[in-house]
Amino acid sequence: MVQDLLRLGDEQHLYFNELQIHDVLVENILEFMEYLKIFYQDWHNSDTLVTLPKKQIFQTQDSKGDFRIMPCIIHNDYKIKAVKIIGTNEENRVIKDKICVGKSFLIHPYDNFIYAMFDVCALSSFRTAAISVLAYHLLNTIQASGVGIIGCGRIGFYTALILNKWLNVNHFYCNDINQTNQENFLKLAEEYMAEIHIDFMPITKMETVCDSIFLATDSTKAILHANNTTNIKFISSVGADADNLSELDANLLEGRTVVVDSYHSMMLGDLKAWEDQNILDRKSVLELRTFINNQNNPPQNIVFISTGIATQDALISQFIYDKLTKNNQN
Ligand SMILES: NC(=O)c1ccc[n+]([C@@H]2O[C@H](COP(=O)([O-])OP(=O)(O)OC[C@H]3O[C@@H](n4cnc5c(N)ncnc54)[C@H](O)[C@@H]3O)[C@@H](O)[C@H]2O)c1
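Heads up: the sequence shown begins at 58 in this note's numbering, then just goes up one per residue.
What follows is the structure, encoded as structure tokens:
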């Protein structure tokens with residue numbers, strides 16, 4: 058009665074947890090990667106397709122980590138309004154060993170209420186791996202003979218899985234400083250990928266067997282330098298998405314072209330440090346979507362870096378929603 062008198066109608070919404078998200082993404086890898094590629098084609102064709110304000114980052118003096126608000130609208134036929142509120146859980150006081158915490162929301166295209174809510178860790182890890190592999194696919198015209206993965210946690214695993222299922226890569230040269238995470242990676246690989254080979258090795262040995270390396274670590278110090286990447290043609294770095302993190306030393310930039318998923322990725326991590334120190338000129342950095350049709354011939358030596366943009370969260374949230382509600386929609 059009061060609800061009627063005050064006109065406080067409920068706002069129906071669905072909630073999707075980490076495992077539901079993991080399962081649906083793993084089941085639909087090929088479809089998601091094609092969807093992502095088509096989206097980048099559309100974005101390349103239309104600068105006005107996406108409204109992407111800069112992410113807002115909030116930190117306090119009394120705790121490590123931060124939380125970020127990441128809004129995005131994708132217009133035209135996509136009709137996606139979304140916002141992700143994600144925390145970097147460095148303190149680990151309540152939630153243990155989960156760096157990404159928070160929720161992603163889909164907002165109704167007309168009524169602007171939240172109609173779907175998603176846990177963010179699997180979603181963010183998967184979409185980060187996906188953009189890293191899309192960059193490899195679009196930029197690495199000479200297909201690599203050896204693929205290395207440094208940091209075999211969540212993003213590292215999804216990177217291997219997408220490379221395996223979408224691009225048929227079946228041999229990985231890996232490195233991780235954490236023995237348990239190495240073992241978990243091997244167990245996950247056994248569960249999800251048939252007939253693959255995984256060799257754990259020191260980073261110094263990787264450049265003798267790899268020509269591409271994917272980094273997805275939470276390292277605070279640069280891992281790759283000029284002197285351990287001489288033979289590496291393609292480097293993707295997606296782990297250093299905060300200013301206290303680093304994966305790449307600026308001395309490896311000589312002779313390489315830096316590509317980003319969006320210039321917004323320059324707000325954080327290695328890219329921000331290089332720009333602040335005048336080591337890297339923004340004008341020399343290219344956006345991934347300019348390579349979508351190979352109109353812009355990919356240069357030979359690439360460093361792809363992403364620190365995460367809301368566009369990918371909006372897309373993947375919509376994709377998950379559509380997949381998990383398709384029976385209801387038919
Ligand atoms: N770019 C983005 O959009 C984006 C999105 C989500 C998360 N992230 C970041 O990506 C990183 C990885 O996330 P995750 O969820 O996969 O974390 P995770 O903890 O599951 O995996 C990170 C792995 O890196 C390993 N590692 C750390 N330092 C290393 C080193 N020096 N050499 C080798 N291995 C090392 C760790 O042992 C761990 O196994 C985090 O820093 C996270 O903040 C980035």
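Heads up, the beta-carbon is just placed ideally off N, CA and C, and yes, glycines get one too. Since we're looking at a predicted model, the values are computed, not measured.
- A contact is defined here as three or more CB-CB pairs under 8 Å, and the segment 64-74 meets this definition with respect to the segment 162-181.
- Counting C-beta pairs with one atom in each stretch, the segment 287-296 and the segment 355-363 have three or more that are closer than 8 Å, which means they touch.
- For residue 293, the enclosing beta strand (DSSP E) has its first and last residue at 291-294.
- For residue 187, the uninterrupted alpha helix (DSSP H) segment begins and ends at 178-196.
- Per DSSP, reduced to three states, the secondary structure at residue 344 is strand.
- Residue 382 sits in coil when the DSSP states are folded into three classes, being neither helix nor strand.
- Your pair residue 231 and residue 255 checks out as a contact, with CB atoms roughly 6 Å apart and the cut at 8 Å.
- For residue 381 and residue 372, the gap between their C-alpha atoms comes out near 14 Å.
- The alpha-carbon separation between residue 222 and residue 66 amounts to approximately 45 Å.
- Under the three-state reduction of DSSP output, residue 282 falls in the coil class, being neither helix nor strand.
- In the DSSP annotation of this structure, the continuous segment of the beta strand (DSSP E) that includes residue 232 starts and ends at 228-232.
- Remark: the shortest separation between the CB of residue 273 and any heavy atom of ligand 1 falls under 6 Å.
- The Cβ-Cβ distance between residue 229 and residue 204 falls below 7 Å.
- The beta carbon of residue 287 is closer than 7 Å to those of 264 in its chain, skipping five residues each way along the sequence.
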